[in-house]
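Right, one structure below, let's go through it.
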Amino acid sequence: MTDLRIAAVGDIHLGEDARGHYRKRLEGIEERADVLMLAGDLTRHGTLAEGRLVADEFRDLPLPVVAVLGNHDYHSNLQDEIAGELRDAGVIVLDDDGVVVQCGETKLGVVGGKGFGGGFAGKCASEFGEPEIKDFVRHTRLIAEAWQVALKEVQADHRVVLSHYSPVKETLEGEPLEIYPFLGSYLLAEAVDTAGADLILHGHAHKGSEKGMTPGGIRVRNVALPVIGRAYVVYCLAMNGEHEG
Ligand SMILES: [Fe+2]
Ligand SMILES: [Fe+2]
């Protein structure tokens, strides 16, 4: 087993005017990273044309690419078609499930999906009252339960969770407090803390902060493009802990 270099970015929001631009910024990525993770909001409005453009930007890269979709990618109700375009381009798209990626000698388990909101412990919605509120919170709870199951099933040297929504509020710092419940949910962190993982990556909070931690001590990183300010950031998972490059 060797150290593993994980490149990550979210919220690239590619529109139809962006053809070829992102691809250029990925040149030589295989020298700097073993795997690339995309944390959702890959499109602006979730149109099929935008989905195809994103697929072309990441098509057949010389390293494994794992992605989840974000809320923008759901906007036109074409999320399945967009995921299909990405898969045809060789991208692994997670939908509340897991995959094991072989990176050299190292097996990397990646579990995740879009995630959802609801808020954070003490300041959150609960499954109480109107059916619409119950549905909202139940959606997040079912996602969290699926991740917990997938994390327990995955057999790997490292386990990383890839999400669009945030599991903690630390990485939202900079966003208005009023919108925290729409940016993530503590239920996601609770599930990952229960099952265990080495790192959680998310996006969605464009004005948030890069670094946080779950109550159980798992590192959380907000890799939204406006937060990291570059084409991708690389995290290194060492067998004795994480360091960042
Ligand atoms: Fe976004
Ligand atoms: Fe988003």
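Numbering of the sequence shown is given in my numbering, commencing with residue 138 and proceeding in unit increments. Cβ atoms here follow ideal geometry from the backbone N, Cα and C, with glycine treated the same way.
In this structure, does DSSP put residue i in helix, strand or coil?
i           : result
residue 365 : helix
residue 180 : strand
residue 311 : coil
residue 186 : helix
residue 169 : helix
residue 336 : strand
residue 262 : coil
residue 143 : strand
residue 271 : helix
residue 375 : strand
residue 344 : coil
residue 360 : coil
residue 151 : strand
residue 383 : Since the first and last residues shown for the chain are 138 and 382, residue 383 lies out of range.
With 16 other CB atoms within 10 Å as the buried threshold, where does residue i fall?
i           : result
residue 239 : exposed
residue 326 : buried
residue 263 : exposed
residue 154 : exposed
residue 292 : exposed
residue 296 : buried
residue 201 : buried
residue 278 : buried
residue 402 : The question about residue 402 has no answer here: the residues shown for the chain are numbered 138 through 382.
residue 367 : exposed
residue 214 : exposed
residue 354 : exposed
What separation, rounded to the nearest whole angstrom, lies between the Cα atoms of residue i and residue j?
i           : j           : result
residue 197 : residue 290 : 28 Å
residue 303 : residue 147 : 12 Å
residue 382 : residue 372 : Here the model assigns residue 382 a pLDDT of 46, short of 50, so the residue's position is not dependable, and the following value carries that caveat. Cα to Cα, the separation comes out at about 6 Å.
residue 162 : residue 375 : 26 Å
residue 330 : residue 185 : 36 Å
residue 306 : residue 350 : 9 Å
residue 170 : residue 357 : 19 Å
residue 156 : residue 338 : 26 Å
residue 261 : residue 191 : 34 Å
residue 205 : residue 241 : 23 Å
residue 227 : residue 341 : 24 Å
residue 199 : residue 176 : 19 Å
residue 236 : residue 298 : 11 Å
residue 144 : residue 266 : 42 Å
residue 189 : residue 159 : 14 Å
residue 318 : residue 309 : 11 Å
As an exercise, report each continuous alpha helix (DSSP H) stretch of at least 4 residues that is fully enclosed by the stretch 178-253, in chain order.
You should have 185-194 and 216-225.
Counting only runs of 3+ residues fully inside the stretch 275-320, write out the beta strand (DSSP E) ranges in chain order.
Annotation note: the stretch 275-320 contains the following uninterrupted beta strand (DSSP E) runs of length 3 or greater, listed N- to C-terminal: 295-300.
So if I measure from each beta-carbon to every heavy atom of ligand 2 and keep distances below 6 Å, which residues remain?
Qualifying residues, in the order they occur: 178, 207, 208, 209, 301 and 341.
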